[in-house]
Amino acid sequence: MKKITLVSIVAATLLLVGCSGKKEEQKHEAVAQHTEHNKEIKKAEPVQQTQKSEPVKQQVQAPVKKEEPKQANSISAKDLFGKCASCHGTDGKRKALGKSGIIAGMSKDEVLKKLKEYKSGTLNKYGMGPLMKAQVAGLSDKELEALAEYIASMK
96 MKKITLVSIV
106 AATLLLVGCS
116 GKKEEQKHEA
126 VAQHTEHNKE
136 IKKAEPVQQT
146 QKSEPVKQQV
156 QAPVKKEEPK
166 QANSISAKDL
176 FGKCASCHGT
186 DGKRKALGKS
196 GIIAGMSKDE
206 VLKKLKEYKS
216 GTLNKYGMGP
226 LMKAQVAGLS
236 DKELEALAEY
246 IASMK
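The sequence shown begins at 96 in the numbering used here and counts up one residue at a time.
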């Protein structure tokens, strides 16, 4: 009985050693295949690099927009008011940041005067001078006038 047990243990050990050897061989074979694959890829890279060329430049004319004739003081004042609407509301009836007066209903001259004073930095009503100066700094006199007219039209 001891001999059978001993023979069984030896047979099992040989089987395990034999099977584990195959796994090692398979690992080495997989590594070799992977290495060969990488070598093939590296050989192919120079071919891809030689195919680089200058991009072809084509001149394409942009489509010409036909603009409708604008009225004298209509320099997209509604678009200009988009900046203002974020604080004053789309109808101009909101106190900007809870501080300023309501701008809807002001006359064109009054609005224009205030916008120009904010732009020059001479008006700082409700502590909003620096903020307002930044908002109107890039606007031309024509744009300020159009904006003032648009705001004055709000009732």
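Even for Gly, the Cβ is constructed at its ideal location relative to N, Cα and C. Remember, predicted model here, so these are calculated numbers, not experimental data.
Original post:
Quick one, which of A232, A106, T108 and G193 has its alpha-carbon nearest K178's?
Top reply: The count along the sequence shown starts at 1 and reaches residue 178 at position 83. Looking from the CA of K178, the closest CA among A232, A106, T108 and G193 belongs to A232.
Original post:
Which same chain residues, not among the five before or five after A191, have their C-beta less than 6 Å away from its C-beta?
Top reply: Locating residue 191 in the sequence shown gives position 96, where the first residue counts as 1. Answer for A191: C182 and H183, listed in chain order.
**OP:** Write down the C-beta distance between K214 and K194 rounded to the nearest angstrom, noting that I regard them as a contact closer than 8 Å.
**Re:** Counting from one through the sequence shown, the residue named residue 214 turns up at place 119. Counting from one through the sequence shown, the residue named residue 194 turns up at place 99. That belief does not hold up - the Cβ atoms of K214 and K194 are roughly 19 Å apart, past 8 Å.
**OP:** Can you grab the Cα-Cα spacing for the pair Q230 / L210, in whole Å?
**Re:** Taking the sequence shown and counting its residues from 1, one reaches residue 230 at position 135. Taking the sequence shown and counting its residues from 1, one reaches residue 210 at position 115. Looking at the two C-alpha atoms, the distance is approximately 10 Å.
Original post:
When the Cα of D186 is compared with those of S248, D236 and M96, which residue comes out closest?
Top reply: Here residue 186 corresponds to residue number 91 of the sequence shown, with the count starting at 1. Checked all of S248, D236 and M96; the closest Cα to D186 is S248.
**OP:** Going by CA-CA distance only, name the one from M223, K188, Y221 and E240 that's closest to K208.
**Re:** Taking the first residue of the sequence shown as 1, we reach residue 208 at position 113. It is E240.
Subject >> Cβ neighbours of T217 in the same chain (closer than 7 Å, five flanking residues each side left out) >> reply: Locating residue 217 in the sequence shown gives position 122, counting from the first residue. None.
Original post:
In chain order, what residues of the same chain lie with their CB nearer than 8 Å to the CB of G222, ignoring the 5 residues before and after it?
Top reply: Position 127 of the sequence shown, counting from 1, holds the residue named residue 222. K194, listed in sequence order.
**OP:** Using 10 angstroms around the beta-carbon of I99, count the other beta-carbons present and answer buried if the total reaches 16, otherwise exposed.
**Re:** Position 4 of the sequence shown, counted from the first residue, corresponds to residue 99. Its Cβ having fewer than 16 others within 10 Å, I99 is exposed.
Subject >> Run of the alpha helix (DSSP H) containing R180, from where it starts to where it stops >> reply: Here the question's residue 180 lines up with position 85 in the sequence shown. A small fix is needed here, since residue 180 is Ala in this sequence, not Arg. Unbroken alpha helix (DSSP H) run through A180: A172 to H183.
**OP:** Hey, could you find the ends of the alpha helix (DSSP H) S195 is sitting in?
**Re:** Here residue 195 corresponds to residue number 100 of the sequence shown, with the count starting at 1. Premise fails: S195 is in no alpha helix (DSSP H) and is neither H nor E.
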